[in-house]
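Counted from 1, the sequence shown has number 64 at position 64 by my numbering; the numbering is strictly sequential. For glycine and all other residues, C-beta sits at the position ideal for the given N, C-alpha and C. Take a look at the structure below.
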Amino acid sequence: MSEMQVESIRQVRDHIADVVDRADRDDEPTVITRRGKEIAAVVPIEMLRHYQRLEEQEIIGLVKERMASDEPGIPMEDVMAEVLAEDG
């Protein structure tokens with residue numbers, strides 16, 4: 001994969017079909033900026049799905065670790081709060 005494209009929201013608005021085609025055809029993400037600040041990205045769907053699988057694996061690993069512990073149980077709400085706090 002080559003270097004990621006970076007375009008302003010104005011540029012993307014003018015040729016969104018090209019940006020989507022690039023993600024689909026070339027597996028190339030495009031980072032979208034507003035006033036020079038990165039705000040979003042158009043990514044190939046498989047890249048998004050891969051990221052989601054990694055997150056799920058991390059959650060499953062944390063749950064398994066907690067369940068294997070000899071310590072008293074930890075409420076699932078606490079586990080999920082910890083996982084979500086790490087993403088923040």
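| message | Quick check on this structure: which residue in Glu3, Arg53, Ile39 and Ser8 has the alpha carbon closest to the alpha carbon of Asp27? | response | Glu3
| request: Count the CB pairs spanning the region 15-32 and the region 52-61 that are closer than 8 Å, and state whether there are at least three. | output: no
| task | Return the residue from the list Gly73, Val6 and Arg25 that minimises the CA-CA distance to Ile45. | result | Arg25
| task | State the start and end residues of the unbroken alpha helix (DSSP H) segment that holds Glu28. | result | No alpha helix (DSSP H) holds Glu28; DSSP gives it neither H nor E.
| Assigned exposure category for Ala81 - 16 Cβ within 10 Å defines buried | exposed
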